[in-house]
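**Student:** In my numbering, the protein residues as written are 132 to 281.
(1) Go ahead and pull the three-state DSSP assignment for residue 235.
(2) For residue 256, count neighbouring Cβ atoms within 10 angstroms of its own Cβ and tell me buried if that reaches 16, exposed if not.
(3) Taking the straight line between their C-alpha atoms, what separation do you get for residue 265 and residue 186?
(4) Which residues does DSSP list as the beta-bridge partners of residue 167?
(5) Hey, residue 205 and residue 174: beta-carbon distance below 9 angstroms or not?
(6) Is the number of C-beta pairs between the region 245 to 254 and the region 164 to 181 that are closer than 8 angstroms three or more?
(7) For residue 220, count neighbouring Cβ atoms within 10 angstroms of its own Cβ and tell me buried if that reaches 16, exposed if not.
(8) Residue 259 by DSSP, collapsed to three states: which one?
(9) By Cβ distance below 8 angstroms, which residues in the same chain neighbour residue 201 in space, the five residues on each side in sequence not counted?
(10) Of all the options 161, 150 and 214, which has the alpha carbon lying nearest to the alpha carbon of residue 261?
(11) Please name the residue in 146, 198, 180 and 214 whose C-alpha comes closest to that of residue 139.
Listed below in structure tokens is the structure:
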């Protein structure tokens, strides 16, 4: 990445209240990366596919980080995750499941489908800010770590 602060974050979330809270948490954590928001799974796939309104990659760049809710209209977060991981051109995209579900089968399924992390949305705003800071710190580390020989 040329400029880590310009790497795009894509939030896939259908709850307007959660979108507002996450935007506030990003601001409070002083994370200035561009944030794109899509509100359902179908829209997320269209975004990645550059379909319809998302055809302009200058305006709608491929994100480096995806914050993905599981419970989405039209296409579930699991289906979006599976779709992303089925695309070799998206292998470098970090996908963090950020959801309200603490259901163990959901956690297992998300990891099986290739989620980089699974986090449960906290109940308090300051905990959300701290979580966003941890996600951002870990994500920056992933973006700046050189590939190790295998």
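Glycine is no exception: its CB is placed at the ideal position from the N, C-alpha and C atoms.
**Tutor:** This is what the structure holds:
(1) The sequence position of residue 235 within the chain shown is 104, counting from 1. Looking at residue 235 - three-state DSSP - the assignment turns out to be helix.
(2) In the chain shown, counting from the first residue as 1, residue 256 sits at position 125. Its Cβ having fewer than 16 others within 10 Å, residue 256 is exposed.
(3) Numbered from 1 along the chain shown, position 134 holds the residue referred to as residue 265. Numbered from 1 along the chain shown, position 55 holds the residue referred to as residue 186. If I take the Cα positions, the gap works out to 32 angstroms.
(4) The residue given as residue 167 occupies position 36 in the chain shown. Looking at the DSSP assignment, residue 167 forms a beta bridge with 141.
(5) Along the chain shown, one-based indexing puts residue 205 at 74. Along the chain shown, one-based indexing puts residue 174 at 43. Yes, these two residues count as a Cβ contact at 9 angstroms.
(6) no
(7) The sequence position of residue 220 within the chain shown is 89, counting from 1. When all chains shown are included, residue 220 counts as exposed.
(8) To locate residue 259, count along the chain shown from 1; it is residue 128. In this structure, residue 259 counts as helix in the three-state DSSP scheme.
(9) In the chain shown, counting from the first residue as 1, residue 201 sits at position 70. Same-chain partners within the cutoff: 207, 208, 209, 228, 230, 232, 237 and 241.
(10) Along the chain shown, read from residue 1 onward, the residue named residue 261 stands at position 130. Of the listed residues, the one whose Cα sits closest to residue 261 is 161.
(11) Position 8 of the chain shown, counted from the first residue, corresponds to residue 139. Residue 198 is the option with its Cα nearest to residue 139.
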